[in-house]
Amino acid sequence: MNALDRKILAALELDGRLSLTDLAAQVGLSLSSCHRRVRTLEEAGAIRGYRADLAPAALGLEFAAIVFVTLNSSKVVRDFEKAVAELDNVIQAQRLFGDPDYLLQIVVRDLPAFQKLYDEKLTALPGMQRMTSTLVMKDVVINRPLTSALG
Numbered sequence: 001m002n003a004l005d006r007k008i009l010a011a012l013e014l015d016g017r018l019s020l021t022d023l024a025a026q027v028g029l030s031l032s033s034c035h036r037r038v039r040t041l042e043e044a045g046a047i048r049g050y051r052a053d054l055a056p057a058a059l060g061l062e063f064a065a066i067v068f069v070t071l072n073s074s075k076v077v078r079d080f081e082k083a084v085a086e087l088d089n090v091i092q093a094q095r096l097f098g099d100p101d102y103l104l105q106i107v108v109r110d111l112p113a114f115q116k117l118y119d120e121k122l123t124a125l126p127g128m129q130r131m132t133s134t135l136v137m138k139d140v141v142i143n144r145p146l147t148s149a150l151g
């Protein structure tokens with residue numbers, strides 16, 4: 001990946017709705033050359049897809065929590081991950097090194113909805129040993145473009 005590819009990625013990351021014509025003009029390429037590079041980046045997996053960035057509060061999802069999970073055995077990892085993937089309110093789940101084992105980012109309507117999810121679904125996840133949660137007060141940095149980390 002060269003500097004031109006990074007320019008393409010940065011432009012698309014900021015505006016995934018850019019037409020190929022506008023993208024080509026922005027990065028200084030011909031339309032066909034830009035199209036080839038975008039297709040190559042997609043095929044290589046650098047571009048996973050295109051989607052709208054939605055505002056949770058505008059959708060009635062005004063309550064966010066981070067839940068840390070420690071499992072009681074490494075034998076339940078597959079079952080735990082499968083069960084977590086089926087919970088619609090878990091918008092991100094990451095397996096961690098060390099303790100805790102997982103970080104779950106959750107959005108729901110309000111505190112009663114979180115309590116219900118916690119009591120009925122989260123505590124019933126396979127292999128649950130310990131779970132701690134914290135509430136998100138506000139988002140400070142969210143969905144920062146990955147290309148900014150490339151330098």
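According to my numbering, the stretch in the sequence shown is residues 1 to 151, in order. Even for Gly, the Cβ is constructed at its ideal location relative to N, Cα and C. What you are looking at is a predicted structure, and each value in this text was computed from that prediction instead of being measured.
Figure out for me which residue from the options has the closest Cα to the Cα of residue i.
| i | options | result |
| --- | --- | --- |
| PRO157 | PHE114, ASP88, THR147, ARG78 | For the chain, the structure presents residues 1 to 151; residue 157 sits outside this window and is missing. |
| ALA145 | PRO112, ILE47, LEU29 | Reading the sequence as shown, one finds Pro at residue 145 and not Ala. Out of PRO112, ILE47, LEU29, ILE47 has the C-alpha closest to the C-alpha of PRO145. |
| ASN72 | LEU103, ARG130, GLU42, LEU9 | ARG130 |
| ARG17 | SER32, TYR50, VAL27 | TYR50 |
| MET137 | LEU29, ALA64, VAL76, GLY28 | ALA64 |
| VAL76 | ASP15, LEU31, MET128 | MET128 |
| ASP15 | ALA52, ALA113, ASP139, ARG95 | ALA52 |
| ILE66 | GLU42, THR132, VAL140, GLY45 | THR132 |
Can you round the beta-carbon distance between residue i and residue j to whole angstroms, since I take them to be within the 8 Å contact cut?
| i | j | result |
| --- | --- | --- |
| GLN105 | GLN92 | 4 Å |
| VAL69 | ASP119 | Wrong, their Cβ atoms sit about 15 Å apart, outside the cutoff. |
For a test of your reading of the model: does the CB of residue i fall under 6 Å from any non-hydrogen atom of the ligand COA? Yes or no.
| i | result |
| --- | --- |
| MET128 | As far as ligands go, the structure on display features none, and thus does not contain the ligand COA. |
Whole angstroms is fine: what's the gap from residue i's alpha carbon to residue j's?
| i | j | result |
| --- | --- | --- |
| ASP22 | MET1 | 21 Å |
| VAL90 | VAL84 | 7 Å |
| LEU103 | ARG39 | 33 Å |
| ALA26 | ALA11 | Position check: residue 26 holds Gln in this sequence, whereas Ala was assumed. Going by the C-alpha atoms only, they are around 8 Å apart. |
| THR134 | SER74 | 24 Å |
| ALA124 | LEU4 | 48 Å |
Closer than 8 Å by C-beta to residue i: which residues in its own chain qualify, once you throw out the five before and the five after it? Chain order, please.
| i | result |
| --- | --- |
| GLU13 | PRO145, LEU146, THR147 |
| CYS34 | ILE8, LEU20, LEU23, ALA24, VAL27 |
| SER30 | ALA24 |
Which residues in the same chain have their Cβ closer than 6 Å to the Cβ of residue i, if we skip the five residues on either side of it in sequence?
| i | result |
| --- | --- |
| LYS82 | none |
Identify, in the order they occur along the chain, each residue of the same chain with its Cβ nearer than 7 Å to the Cβ of residue i, setting aside the five sequence neighbours on each side.
| i | result |
| --- | --- |
| LEU150 | ARG6 |
Checklist entry - Taking three-plus beta-carbon pairs below 8 Å as touching, is the region 95-109 in contact with the region 57-66? => result By the Cβ criterion, the region 95-109 is in contact with the region 57-66, since at least three pairs of Cβ atoms, one from each stretch, lie closer than 8 Å.
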